[in-house]
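Q: Residues in the sequence shown are numbered from 1 upward in steps of one, following the UniProt record's numbering. The structure under discussion is supplied below as structure tokens; questions concerning it will follow.
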Amino acid sequence: MKHPPPIKVLVIDDDRARVALLEQSLRDQGYEVLARLDTTDLLAERVEELQPDIIIIDLDSPDRDVLENMALLNDRSPARS
Numbered sequence: 001m002k003h004p005p006p007i008k009v010l011v012i013d014d015d016r017a018r019v020a021l022l023e024q025s026l027r028d029q030g031y032e033v034l035a036r037l038d039t040t041d042l043l044a045e046r047v048e049e050l051q052p053d054i055i056i057i058d059l060d061s062p063d064r065d066v067l068e069n070m071a072l073l074n075d076r077s078p079a080r081s
């Protein structure tokens, strides 16, 4: 029986300790962590390059730039069904 390909994840967070735990948990559950970004700068370009299925982003206190990048990303690559 052929297994489905793993779900590809992009993680965006500047807290290295938290990301390390999250990445390990994701891998333990069979997800493929494509990359970890510290910022949302050039997010649309990185998403286009990496083609993740899921983006996990730390938004404890989003600033205007983060919100603008997320809006741009949604315009360029709306969620797939």
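Beta carbons are placed, not taken as given, at the ideal position from N, Cα and C, and that holds for glycine.
1) Can you give the Cα-Cα distance for Glu32 and Val9, rounded to whole angstroms?
2) Assign Thr39 to buried or exposed, taking buried as 16 or more other Cβ atoms, counted over all protein chains shown, within 10 Å of its Cβ.
3) If you reduce the DSSP assignment to three classes, tell me which class Leu42 lands in.
4) Roughly how many angstroms lie between the CA atoms of Thr56 and Val11, to the nearest whole one?
5) Ends of the alpha helix (DSSP H) at Leu22?
A: In this structure, then:
1) 6 angstroms
2) exposed
3) coil
4) With the sequence shown as reference, residue 56 is identified as Ile, and Thr is not the correct amino acid for it. Going by the C-alpha atoms only, they are around 5 angstroms apart.
5) 16-28
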